[in-house]
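Engineer: One structure, as structure tokens, below. Some questions next.
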Amino acid sequence: MTSDLSAEDLLRAALALVATRPVGAWPEELDSLDRLEELVPGTAPKARHGAATDLAEVRGLRDRLAPLVLDPDPGSAPAALSALAREFDLAPVVDSVGGPVRHVSPDPRTVARVAEALVPGVMSAWASGLMPRVRTCGADDCDTPFLDRSSRANRHYCSDRCSTRVRVRRHRTRSSPA
1 MTSDLSAEDL LRAALALVAT RPVGAWPEEL DSLDRLEELV PGTAPKARHG AATDLAEVRG
61 LRDRLAPLVL DPDPGSAPAA LSALAREFDL APVVDSVGGP VRHVSPDPRT VARVAEALVP
121 GVMSAWASGL MPRVRTCGAD DCDTPFLDRS SRANRHYCSD RCSTRVRVRR HRTRSSPA
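The sequence shown begins at 1 in full-length UniProt numbering and counts up one residue at a time.
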């Protein structure tokens with residue numbers, strides 16, 4: 001994942017990764033390196049040996065990022081993000097004049113590639129004021145986190161599909177004979 005993506009794009013990638021957590025009846029969804037590559041492009045290794053270890057480490061990072069993007073404490077979240085950046089020894093790098101700033105880690109593990117992409121992205125989201133727009137879907141059967149980019153910041157559902165399901169359910173409840 002390149003750093004020429006916006007803070008919004010990187011925050012969406014972090015939210016997509018966080019959404020793979022097992023929650024309630026929902027099972028673990030980060031079940032392969034191919035799935036990781038779909039969520040955070042450019043982070044999965046080409047060689048697939050050690051996949052179980054890689055996935056376990058990425059799940060650990062995901063679980064540490066989750067409270068920092070879903071229900072962040074403004075007093076402690078910035079320090080926790082800074083600690084993650086230090087843990088992976090992330091250093092800013094510019095490859096050309098006018099080029100984007102990338103954050104790189106000397107750590108060769110897959111989890112470090114994911115941290116390179118997402119930790120600076122979440123930091124940028126904090127700095128640009130996007131965090132108050134992170135929501136969790138309001139549908140009873142969905143816990144998907146999403147970034148509300150509506151003009152009035154009043155979305156309640158992660159997708160049109162969830163919104164429609166809730167409206168249809170309400171309509172059927174109101175119109176069914178008692």
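Heads up, the beta-carbon is just placed ideally off N, CA and C, and yes, glycines get one too.
All values derive from a computational prediction rather than experimental measurement.
At what residue ranges does the UniProt domain "Zinc finger CGNR" (133 to 174) contain a whole run of the beta strand (DSSP E), taking only runs of 3 or more?
Structural biologist: As far as the UniProt domain "Zinc finger CGNR" (133 to 174) is concerned, its whole beta strand (DSSP E) runs of at least 3 residues are 134 to 136 and 145 to 147.
Engineer: Taking only three categories from DSSP, how would you classify ARG102?
Structural biologist: The residue given as residue 102 occupies position 102 in the sequence shown. It is a strand residue.
Engineer: Between which two residues does the alpha helix (DSSP H) holding PRO78 run?
Structural biologist: Here residue 78 refers to the residue found at position 78 when the sequence shown is read from its first residue. From DSSP, the alpha helix (DSSP H) with PRO78 extends over 77 to 87.
Engineer: Could you pull the DSSP bridge partners for ALA91 from this structure?
Structural biologist: Within the sequence shown, residue 91 is the residue found at index 91, counting from 1. VAL104.
Engineer: Please work out which residues of its chain come closer than 7 Å, Cβ to Cβ, to SER6, disregarding the five sequence neighbours upstream and downstream, and give them in chain order.
Structural biologist: Taking the sequence shown and counting its residues from 1, one reaches residue 6 at position 6. Once the five neighbours on either side are set aside, SER6 has no close Cβ partner at all.
Engineer: Could you tell me which whole alpha helix (DSSP H) segments of length 4 or greater appear in the stretch 20 to 71?
Structural biologist: List check, alpha helix (DSSP H) in window: 33 to 39 and 51 to 70.
Engineer: Label VAL114 either buried or exposed according to how many other C-beta atoms from any shown protein chain fall within 10 Å of its C-beta, with 16 as the threshold for buried.
Structural biologist: What you label residue 114 is simply residue 114 of the sequence shown in a count that begins at 1. Buried is the call here.
Engineer: Give the straight-line distance between the Cα atoms of THR2 and LEU39, rounded to the nearest whole angstrom.
Structural biologist: Residue 2 sits at position 2 when you count from the first residue of the sequence shown. Residue 39 sits at position 39 when you count from the first residue of the sequence shown. Summary for THR2: the model assigns pLDDT 48, below 50, so the residue's position carries little reliability; its value from the coordinates is reported in the next sentence. Distance between the alpha carbons of THR2 and LEU39: 13 Å.
Engineer: Expressed to the nearest angstrom, what Euclidean distance is found between the alpha-carbon atoms of PRO72 and PRO177?
Structural biologist: As a working mapping, residue 72 is identified with position 72 in the sequence shown. As a working mapping, residue 177 is identified with position 177 in the sequence shown. Looking at the two C-alpha atoms, the distance is approximately 44 Å.
Engineer: Residues in the same chain with beta-carbon distance under 8 Å from ALA66, minus the five sequence neighbours each way, listed in chain order, please.
Structural biologist: Working through the sequence shown from its first residue, we reach residue 66 at position 66. The residues are VAL18 and ARG21.
Engineer: To the nearest angstrom, report how far apart LEU33 and ALA13 are at their CA atoms.
Structural biologist: In the sequence shown, counting from the first residue as 1, residue 33 sits at position 33. In the sequence shown, counting from the first residue as 1, residue 13 sits at position 13. Cα to Cα, the separation comes out at about 15 Å.
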